[in-house]
Each structure stands twice: as C-alpha cells, then as structure tokens.
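Colleague: Residue numbers (the working numbering): 773 to 1147.
Next comes the structure, spelled out in structure tokens:
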C-alpha cells in the first residue's frame, strides 16, 4: 500500500535476458503502474500455456477423426431419420464380391455399431417377417444382415416351405454364410470387428451344421432348431446360445437340455434359455406365435451377443493395452499425447458426443445406401 492507495500486483513469468544476455526465468512482481522497462508481451500468462497445450493435443485428434464435420451437420439432440429412411430402413445387396452369388437384406443402426449380426431365416425364406427382425437388430445397434438361402423364393404354405427346405444344400448355405461374414468383416463401408449369427428353425439347424467351419465368428444363437434329435454336430467355433420353448413338442425341453449340455462340455460359455411357448413361438406366421415372449427372447439374444463381443474384445486386447497400446517387440507403452487421446476417445464410446457423432455417421451411411446401394 502506498499513500493509502490500492496497488494490484501481477505475476508474470519473464524470459527477459540479464545483463549478459542469458534468460533469467525469474518471476517478476510489479504494480499496476508498470515500470518503464516493462515491455508488453515479455511475459507468458499460464492460462495461455494451458490453452496452447490443450489445442495441440486435441486438435489433431479431432481433425484425424473428422469429428468437426459430424458436429457441424449434427443437431444437439439425436437426429430422427428422414421420411425416406423411415419408409425403407433396409436394402437388398449382392454378396458377389465376397464369394457368393446370393442376395442379402442389410439394415444399419443410427448409432455407433455394437457389432454385426447375420440372420438366417427358417422354412419361410427371406420374407417380410424376417426383414422386420433385421430392423429390430439394427435398432438395437447392430449392423444387421439377413441372408437369403432360397434364391429369392418364399413360401406361403407349409407344403411349399418343406419343399424349399428339402432343396437346400448345406454346401451352398455354408458358402452364403461365409460370404456374409466376409461382407461384415471386409467391406470398407460397413466393416465391424465382431460378428454373430442368429438362426430360426431350419436356419438354426443350418448354423449348427456349419458352425465348426465358420471363421471369425464370435457368437451363435439358435432358436428352436428342427430335425436335430439324435444327430451329432462338429464342435462349434463360437459359443452357442439356445432359445427353446417349454411346450415344444418337436424339440422337447429335456432333449434340448441334453443337447446344450453336450455343447457346454466343449465351450463353457454356452447358454440355454427356455421360454413359455411351443415350437415357432417367435414366428409371426405361426399359429403358436407369442409376441411378448418373442420380445423377451430377443432381449436375451442381444445381451448374449453384447457379452460375447465385449469378452472377445477384452481377450484380444486387454484393458491397459486397449488404453495405451504397446510398441512392437517391447513391453513398453506409447505415451505420446496423440495416441493416448485417440485411445481415450475410443474408450469413451458411450459419452454424449460420441453418440451424437455416431448418429450422424449412421444417418449418412443409410442415406448413401438409399442413393447408391451397398456396392
């Protein structure tokens, strides 16, 4: 205090040289009435250092991941699909680039995908009910692909359905399923890291027949398989979840428990769930259809797929490797700010900003589907 007047002090880190020309690096304390030798800009306030550090760390990450464009086009709330997307949430694609001449029905989520899932229809073929199931899986966050094992044919009555089942060759079905897996794993536009397969009725039987030869698959879900009593299957390449009806006369619960028990001896992650209802309780075209039970069975299926996807991710990476990464051949971690920030952003998939960006990218991909096809 000088003469009763208040004098505010400023702290500034100075790089001014001393008499010999060397920087002092000392903290200079001066009153509001600056000394004559004070030069504006000689000090560097700490908040500017913090801002510069944050800018240098996060700007390259945002630029690399192209998040600026997503934020610029995305409202603060999760966007609703346009009327065109609401009318046509899926599209037919050709698997010719991935080893099969068959068609499949693709539906995309409006969020960051949890993974991919391949749906295998039953005796009715790839009809509207199966497409609705595809939309449900996409709504839950999966890239859903329903294969067509009957070359575009669908059945309107049980007799025609049985004829289609008899004409199906296991080798052809295996080729189609392998192509579908390759599509989800290798497609540059719709690539996912994890893939599961879900089959109903005869489609579930097809899955069990080829399960041992399916590669890069994380989980299998079978809804009340048909015609497998007394049959032996090769060891599946992935954990199996069985969905059965307690009043199923074609595949009684006791037989189902014995069958799933034999699979559990091979893979401890095998699960079996029994729901009230007869055979085909999840088939909208069946007289035994039970919508409420079907919804519970679907929720069980989604939980199983998510658990298997997360388990396989932890086994492959591990938490600390997922967070920091490792240098090739060394047990050391990369501590560069860019690599760490990249990995932390990937681990924060459930944050609000990531959901908004994922919704924008999902909408953009679906709009591209409608305009150009899946190609």
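Glycine residues also receive a C-beta, built at the ideal position from the N, C-alpha and C atoms.
Report the three-state DSSP secondary structure of residue 1018 (helix, strand or coil).
Modeller: In the structure shown, residue 1018 sits in coil (DSSP, three-state: anything other than H, G, I, E or B).
Colleague: On the three-state DSSP scale, how would you describe residue 868?
Modeller: The answer is helix: DSSP assigns residue 868 an H, G or I state.
Colleague: Can you tell me where the alpha helix (DSSP H) holding residue 1043 begins and where it ends?
Modeller: Taken as a continuous stretch (DSSP letters only), residue 1043 belongs to no alpha helix (DSSP H), being part of the beta strand (DSSP E) at 1043-1047.
Colleague: Which residue from 891, 950 and 910 puts its Cα closest to that of residue 868?
Modeller: The shortest C-alpha separation from residue 868 is found at 950.
Colleague: Inspect the beta-carbon positions of residue 996 and residue 1052 and report whether they are closer than 9 Å.
Modeller: Their beta carbons are under 9 Å apart, which means residue 996 touches residue 1052 by this criterion.
Colleague: If you compare alpha carbons, which of 891, 948 and 1050 is closest to residue 1023?
Modeller: Cα-wise, what sits closest to residue 1023 is 1050.
Colleague: What are the partner residues of residue 863, as DSSP defines its beta bridges?
Modeller: Answer is 878, bridged to residue 863.
Colleague: Residue 989 and residue 968 look like a contact to me (Cβ under 8 Å); what is the Cβ gap, rounded to whole Å?
Modeller: Rounded, the Cβ-Cβ distance is 7 Å, consistent with contact.
Colleague: Would you tell me roughly how many angstroms separate the C-alpha atoms of residue 893 and residue 932, rounded to the nearest one?
Modeller: In a straight line, the C-alpha of residue 893 is about 15 Å away from that of residue 932.
Colleague: CB-CB under 8 Å to residue 871, same chain, minus the five flanking residues each way: which ones, in chain order?
Modeller: If we look at residue 871 and ignore the five residues flanking it on each side, its Cβ neighbours are 947, 950, 951 and 954.
Colleague: Please list, in chain order, all residues of the same chain as residue 1070 whose beta carbon is under 7 Å from its beta carbon, the five residues on each side excluded.
Modeller: Taken in chain order, the residues that qualify are 908.
Colleague: Please determine, among 874, 993 and 925, the residue with the shortest C-alpha to C-alpha distance to residue 978.
Modeller: Taking only the C-alpha atoms, the option nearest residue 978 is 993.
Colleague: Should residue 897 and residue 936 be called a contact, given that it needs their Cβ atoms to be closer than 9 Å?
Modeller: Yes, these two residues count as a Cβ contact at 9 Å.
Colleague: For residue 918 versus residue 944, is the C-beta spacing smaller than 9 Å?
Modeller: Contact flag unset, no.
Colleague: Determine the burial state of residue 1101: buried for a count of at least 16 other Cβ atoms within 10 Å of its Cβ, exposed for fewer.
Modeller: Any reading at residue 1101 must be qualified, since the residue scores a pLDDT of 39, below 50, and its modelled position is unreliable; no value is offered.
Colleague: Suppose contacts are defined by Cβ-Cβ distances below 9 Å. Is residue 1077 in contact with residue 911 by that definition?
Modeller: For residue 1077 and residue 911, no; Cβs fall outside 9 Å.
Colleague: Evaluate residue 1063 with the Cβ neighbour count: other Cβ atoms within 10 Å of its Cβ, from every protein chain shown; 16 or more gives buried, anything less gives exposed.
Modeller: Exposed, by the Cβ-count rule.
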